[in-house]
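For the sequence shown, counting from 1, position 67 maps to 47 in my numbering; every step adds exactly one. Data first, discussion second: the structure below is written as structure tokens.
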Amino acid sequence: MLHVLVSLCLLASAHADKAVLGGYRAQPQLQNDAHVQEIAEFAVQQLAASEATTLELADILSVKTQLVAGTNYQFELELTNGLVYDLTVFESLNGREKQLTATKQLPARSNYSSSSSSSGSSSSKQSQRQIKASSPSSDGYRTVKMPMLDDGTMFAARETAQYLSQTSNSLYPFTVGEITSAAVKQDGQDESTYVVRVRLDQQSLPSATVDAQVSRDNMNSYKVMQITKPRYLSSTGEKKS
């Protein structure tokens, strides 16, 4: 009888473990979660340290979780240089310990999709323009030295803030907090393209950084052509790590 009771207890324990532990589950609802964003940033920083280079997160393409003695987060991440990685991070139950446990480079996706045309509905334009902006390469771009910013760079940053304010669901508008990097390319006699990295503030909400490509036409009109997903910062204004 005692042997039967022990067997039943072990069987119940095994089923309980299966309810808690298991395989990875897709969690698309977590892609915009601030804590998951923090873990993804940590993964990219650890990858950069292991490769002795500078890497920055552009977008979380997918996230899966697995409950173990803590949580495994499996990400498919796109970086600002266009590379895509499958990265896995283990986080302890108390959240104090994180470790990058697996890395795998995936086939790169196209950094840019085609820009929106002047016709069509605003919702169509928004879906076409929510794309990834890569860092400027050497093909015609001139780096704008900090803090000596020209008027065009300032207008490009303000256009970026205005664009996100119009397309965001938030009640609070974005404002330019700081331009951390910028480059400009002359496209014609009176036309230019700016690539800016901007910290945007949103009243009492956490600030965010974005990379954007903004065009200026010969009528001195600015238009956001490409933009990354906002990367939110801590309440102190420092990037979460």
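Glycine included, every Cβ here is placed at the ideal spot set by N, Cα and C. Everything numeric in this text was worked out from a predicted model, so none of it was measured.
Just the C-alpha distance for residue i and residue j, rounded to the nearest angstrom, thanks.
i           : j           : result
residue 183 : residue 152 : 7 Å
residue 206 : residue 173 : 11 Å
residue 142 : residue 38  : 20 Å
residue 197 : residue 7   : 42 Å
residue 54  : residue 169 : 48 Å
residue 213 : residue 167 : 33 Å
residue 16  : residue 139 : 28 Å
residue 3   : residue 50  : 13 Å
residue 14  : residue 121 : 33 Å
residue 35  : residue 59  : 7 Å
residue 74  : residue 209 : 29 Å
residue 185 : residue 12  : 15 Å
residue 171 : residue 191 : 20 Å
residue 135 : residue 52  : 42 Å
residue 144 : residue 80  : 32 Å
residue 33  : residue 21  : 15 Å
residue 181 : residue 46  : 34 Å
residue 157 : residue 129 : 14 Å
residue 62  : residue 123 : 20 Å
residue 5   : residue 82  : 17 Å
Quick one: is residue i near chain D, going by C-beta distance under 9 Å?
i           : result
residue 202 : Reference to chain D is not applicable here, since this structure consists of a single protein chain.
Determine the burial state of residue i: buried for a count of at least 16 other Cβ atoms within 10 Å of its Cβ, exposed for fewer.
i           : result
residue 193 : buried
residue 211 : buried
residue 125 : exposed
residue 72  : exposed
residue 76  : exposed
residue 106 : At residue 106 the pLDDT is 39, less than 50, meaning the model places this residue with poor confidence; the figure from the coordinates comes in the next sentence. Residue 106 is exposed by the Cβ-count criterion.
residue 195 : buried
residue 162 : buried
residue 57  : buried
residue 30  : exposed
residue 98  : Only weak support is given to the placement of residue 98: the predicted model assigns it a pLDDT of 35, under 50, and the question is left unresolved by the model.
residue 131 : exposed
residue 86  : exposed
Would you grab the beta carbon distance between residue i and residue j for me? Rounded to a whole angstrom, and I think it's under 8 Å.
i           : j           : result
residue 268 : residue 19  : Only positions -19 to 221 of the chain appear in this structure, which leaves residue 268 out of reach.
residue 164 : residue 189 : Not confirmed; about 19 Å, so no contact.
residue 137 : residue 176 : 5 Å
residue 179 : residue 160 : 6 Å
residue 48  : residue 10  : Not really, about 17 Å apart at Cβ, beyond 8 Å.
Confirm the yes/no value for this check: CB of residue i, any heavy atom of the ligand MG, distance under 8 Å.
i          : result
residue 21 : Absence of the ligand MG is noted for the structure shown, with no ligands found whatsoever.
Do the stretch 60 to 74 and the stretch 25 to 39 make contact, defined as three or more Cβ pairs closer than 8 Å? With the cut-off at 8 Å, the stretch 60 to 74 and the stretch 25 to 39 touch.
Cβ contact (3+ pairs, closer than 8 Å) linking the stretch 148 to 163 and the stretch 195 to 205: Counting C-beta pairs closer than 8 Å gives fewer than three between the stretch 148 to 163 and the stretch 195 to 205, which falls short of the contact rule.
List in chain order: all unbroken beta strand (DSSP E) runs of 3+ residues lying wholly within the stretch 121 to 205. The beta strand (DSSP E) runs of length 3 or more contained entirely in the stretch 121 to 205 are, from start to end of the chain, 121 to 123, 155 to 166, 172 to 182 and 185 to 196.
Would you mind listing the beta strand (DSSP E) stretches within the stretch -9 to 56 that are 3+ residues and don't spill past its ends, in chain order? Listed in chain order, the complete beta strand (DSSP E) runs (minimum 3 residues) inside the stretch -9 to 56 are 37 to 48.
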